[in-house]
Amino acid sequence: MSGQASRPEGASANRDTHETAILTIDLRALADNYRDLSDRTRPAECAAVVKADAYGLGMAQAAAVLWRNGCRTYFVATIAEAVDLRVLLAEAVIYVLNGLLAGTAATFHQHGLRPVLNSASEVRDWANYCSSVGEALPCAIHVDTGMNRLGLSATDIDEIRGMGDLWQTVTLSLVMSHLACADDHAHAKNGRQRERFEVIRMLFPKALTSLANSAGILLGSEYHYDLVRPGVALYGGHPQRQGDNPFRPVVHLMGRILQIRDTARGETVGYGATRTLDRPTRIAVVAVGYADGLFRALSAGDGEAGLIAYLGPYAVPVLGRVSMDLVSVDVTDVPEAFRQRGAWVELLGPNVSAHTMASQAGTIDYEVLTSLGSRATRRYVGI
Ligand SMILES: *Cc1c(COP(=O)(O)O)cnc(C)c1O
């Protein structure tokens, strides 16, 4: 069978006869992306953001590969993610972006985790805990420079500067901020946030500094500071709106053809009969749906362009609505040898980037990656 012409090396997509959807995660591409990001940002330290199960790709597998490739500092969102990561990486520096919730300081201490403190009261709580155990434990502060999401406000900063010997009580290991518009390299807010960060970091001269996520890294070395915090670029996402994606794709989603059917001109396809066929059409029904991350917004009703999937080297447009478990594609123009029951259709991979899928669905690469779900068989390759 030649329908797997473009599937990634090592995926052996048709070995197991019972499988209908396969998510292949290329750990070599992940390692390459990490090394690429490190090279771009040297001498800054390249950390890795592995929150949300490494953007849906699997934190356990991702963290092991990142560690082997020299990554020593990690960011997660929640304490639970951090505790899981600690089990995997005993020596790593682990920061928790969601900060210090009341009553959690001892958990941070017990697992050797560092809170990213987002307000003056969190700073005070951490200082109180450190005093109570007689140890100046490490932490980061996140200062808000214009995102107005998490982070210390100008008032918070004044307040903690007035806290006198507080900075002997805790160890401030990192001062960080987050860019709101780095995905647009021409946006004036980038420069304004950097100027603001310049002023604030001078107030904490002993701490390391960090401003850039993936997109921020591409803004240039003046955004790199001591440590960069890429997430989406590691996982093959395109961090910026402009230009080509410099990073390698990591995720490949293949769905199996369950049935091929011939339909007459004038027939409709799928729920809601949203697509009327304007020619006799051969349809392949593929075993991937929105429960597997194929957004319903990728549907193709009349006059609506949906996702273009691939069968081998052939483009096969989606027809009608994407349903939970299934999607129909037009294989009329595909040679007979390729359009076979049991063949594999590429929904995400070398021909269909996460960025293409995201743009088509009106969302961003991040949401494509974190929506892939847990039903498809996962294959980790490239190690
Ligand atoms: C998620 C996150 C990152 C990583 O962002 P990417 O755009 O995925 O590189 C970095 N810093 C903070 C504060 C984050 O919340």
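Per the working numbering, the sequence shown starts with residue 246, numbered consecutively.
Ideal Cβ placement from N, Cα and C applies to all residues, glycine included.
Here's the rule: buried if 16 or more other CB atoms are within 10 angstroms of the residue's CB, otherwise exposed. What is residue i?
i	result
ASN458	buried
PRO558	exposed
ALA256	Interpretation of ALA256 is limited by its pLDDT of 43, a score under 50 that renders its predicted location unreliable; the figure taken from the coordinates is listed afterwards. Flag for ALA256 reads buried.
VAL613	buried
ARG624	buried
VAL597	buried
GLU380	exposed
SER573	buried
TYR340	buried
ALA385	buried
PRO383	buried
VAL415	buried
ASP284	exposed
SER364	buried
GLN413	exposed
VAL332	exposed
MET602	buried
MET246	The predicted model places MET246 with a pLDDT of 36, which falls under 50 and marks its position as unreliable, so this point remains unresolved.
ASN435	buried
ARG474	buried
GLY240	Here the chain comprises residues numbered 246 to 628, so residue 240 is not present and cannot be evaluated.
THR454	buried
TYR374	buried
PRO580	exposed
GLY248	For GLY248, the pLDDT reaches just 39, beneath the cut-off of 50, and the residue's location in the model is therefore unreliable, although a value from the coordinates is still provided. So GLY248 ends up on the buried side.
What first and last residue would you give for the alpha helix (DSSP H) that runs through residue i?
i	result
GLY436	433 to 446
ILE405	399 to 406
THR615	610 to 615
LEU272	272 to 286
MET602	599 to 606
TYR555	That residue, TYR555, is in no alpha helix (DSSP H); its beta strand (DSSP E) goes 553 to 556.
VAL310	304 to 313
ASP298	296 to 300
ALA351	350 to 356
Is it true that the CB of residue j sits closer than 8 Å to the CB of residue i?
i	j	result
ARG520	LEU564	yes
TYR611	GLY465	no
PRO360	ASP428	no
LEU275	TYR480	yes
THR526	THR577	yes
VAL590	VAL626	no
ALA289	ASP523	no
MET499	ALA536	no
HIS497	GLY594	yes
GLY344	LEU358	no
ALA588	LEU543	no
GLY517	ARG446	no
VAL495	ILE324	no
HIS423	LEU463	no
ARG394	ILE505	no
HIS356	ALA327	yes
VAL294	LEU330	no
LEU411	ILE405	yes
Which residue comes first and which comes last in the beta strand (DSSP E) that contains residue i?
i	result
TYR559	559 to 564
VAL495	Looking at the DSSP string, VAL495 is not in any beta strand (DSSP E), and its letter there is neither H nor E.
PHE320	318 to 321
CYS384	383 to 387
ILE324	Here ILE324 belongs to no beta strand (DSSP E); instead the alpha helix (DSSP H) covers 324 to 333.
ARG474	Here ARG474 belongs to no beta strand (DSSP E), and DSSP marks it neither H nor E.
ALA591	Checking the displayed sequence, the identity of residue 591 turns out to be Glu instead of Ala. Looking at the DSSP string, the run of the beta strand (DSSP E) that includes GLU591 is 589 to 593.
MET421	416 to 421
TYR625	622 to 626
LEU453	453 to 455
ARG369	Premise fails: ARG369 lies in the alpha helix (DSSP H), 365 to 378, not in any beta strand (DSSP E).
ASP489	Taken as a continuous stretch (DSSP letters only), ASP489 belongs to no beta strand (DSSP E), as it is neither H nor E.
SER459	First-last for SER459: 459 to 463, but that is the alpha helix (DSSP H), not the beta strand (DSSP E).
GLU539	Checking the displayed sequence, the identity of residue 539 turns out to be Leu instead of Glu. No beta strand (DSSP E) holds LEU539; DSSP gives it neither H nor E.
LEU362	359 to 362
TYR340	338 to 341
SER573	572 to 575
VAL531	526 to 531
How close, in whole Å, do the beta carbons of residue i and residue j come, if the pair is a contact with beta carbons under 8 Å?
i	j	result
ILE628	LEU272	5 Å
PHE449	VAL477	Actually they do not touch by this definition, with Cβ atoms about 28 Å apart.
TRP312	ALA337	7 Å
THR622	ALA266	7 Å
ILE502	VAL530	7 Å
LEU539	GLY301	Contact doesn't hold; Cβ gap of about 14 Å is too wide.
CYS316	ALA292	7 Å
ALA452	SER418	6 Å
With 8 Å set as the bound, which would you pick, yes or no: does the beta-carbon of residue i sit closer than that to a beta-carbon of chain B?
i	result
ALA385	Looking at the structure shown, chain B is missing, and only one protein chain is on hand.
Do the segment 438 to 452 and the segment 383 to 397 touch if we need at least three Cβ pairs shorter than 8 Å?
-> As far as the Cβ criterion goes, the segment 438 to 452 touches the segment 383 to 397, which means the pair count is three or higher.
Validate contact between the segment 503 to 515 and the segment 320 to 340 using beta carbons, cut 8 Å, 3 pairs = Touching, no.
Any contact of the segment 351 to 362 with the segment 290 to 308, i.e. 3+ C-beta pairs under 8 Å?
-> With a cut-off of 8 Å, the segment 290 to 308 and the segment 351 to 362 do not count as touching, because too few Cβ pairs lie within range.
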